[in-house]
Amino acid sequence: GHLGITKCRRLAQSSVWWPGISGDITTKVTNCHICAINRNQRKDPMIPTSLPELPWSMVGADFGEVNGKTYLVVQDYYSRYIEVSRMTTTTSSIVITEMKKIFARHGVPHCLRCDNGPQFRSEDFSRFAEQWGFRISFSSPRYPQSNGLAESAVDTAKRIIAKCEDLETGLLSYRSTPLENGYSPSELLMGRRLRTFVPTSAANLKPRLPNDAQLRSREATIRQKRKEYFDRRWGANKDKPELAVGQKVYIRDKDMPGVVVARHSAPRSYIVRTENHNQIRRNKIHLLPLPSEERSREVKDTNAKPPSPAGNLGTQDASTEGRPRRAVRPRQRLDL
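full-length UniProt numbering puts the first residue of the sequence shown at 1, with every later residue one more than the last.
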């Protein structure tokens, strides 16, 4: 076993030396597969999700479990309006039935973002999406952050269920409470405030569309602040280098090597061929670049010293290589 490049160099300084030892240590550590597999992954900068152009045009769906009960949670990306359905089972047919009820209330979205669960990957659900005219966008496998809004909605629904004896009462309070941008989910989705148990005037309940320019300006500021906080907290000041097609990688969640076959249309996603010749999709955070033989040769060639010109001059001392020399005339002795 060995440590990193810097500490290996420090260890060598106290014991041995040879020409090019620093480059040899760099080559050895850089091309160590065990070091590559166990190297810490630096996070990439956050990519904030942009605010959709229309309410209910993009929604996210996910499942959450509370006290042994399963719930289907659907949230609008524009208004953050949440729909929660108690599920007796999570088969495709039952999920489709609940989705139809939700879409009948608010309309059919243009895009549904979800994870890679078997309910959403089934042929029945694909047929349902085609018949109702919406597109399915799958998040990166084993990477919930790529469907972050749906994951956040599940956490919100879990808190509501845990704190409220009546789920509908908790949802009513959430939907009528203003968000950080100053508007409540019901105002953004329906253009009006909901009447709750809190007394209010009739003027506050009149339909009123939010100011779109003001909303987008506030949302841009809020999302930029969240991005800056995330990047500062995790030290994610720049993107990691993109992976090239044909590059060898280590698949962390699979614990096996693979080869990048193609880039996926989603940001930072790749199609990888495993050693079992299966093709899977993974986010860049799951893929660790492995050193290649070509890169090893490049490092060695870079660290190799050019041939010394002293080898061609038999009268020159190799220890004076590269140093300026002046002409020295032999001393003239007086011959008596």
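Ideal Cβ placement from N, Cα and C applies to all residues, glycine included.
Only exposed fits N67, as fewer than 16 other CB atoms lie within 10 angstroms of its CB. As DSSP reads the structure, R281 sits in a beta bridge with I271. The alpha-carbon of P267 is positioned some 11 Å away from that of D239. Looking from the CA of R282, the closest CA among L290, P291, Y183 and Y250 belongs to Y250. Taking a cut-off of 8 Å for Cβ pairs, the segment 14-28 and the segment 40-49 do not touch, as fewer than three such pairs fall below it. In the same chain as R252, and ignoring 5 residues on each side of it, the C-beta atoms closer than 7 Å to its own belong to H286 and L288, in chain order. Distance check between R86 and each of F120, P207 and F63 places F63 closest, using alpha-carbon atoms only.
Between L167 and Y81, the C-beta spacing is not below 9 Å. In this chain, the alpha helix (DSSP H) harbouring Q131 covers E123 to W132. In the three-state scheme derived from DSSP, where H, G and I count as helix and E and B as strand, P144 is classed as helix.
For C35, there is no enclosing beta strand (DSSP E); the enclosing alpha helix (DSSP H) covers residues H33 to I37. Classified as buried, K284 has 16 or more neighbouring CB atoms from the shown chains inside 10 Å of its CB. In summary, S140 is buried, with 16 or more beta-carbon neighbours lying within 10 Å of its beta-carbon over all protein chains present. Counting only runs of 3 or more residues that sit fully inside the segment 134-188, the beta strand (DSSP E) segments are 135-138, in chain order.
The alpha-carbon separation between Y143 and R263 amounts to approximately 16 Å.
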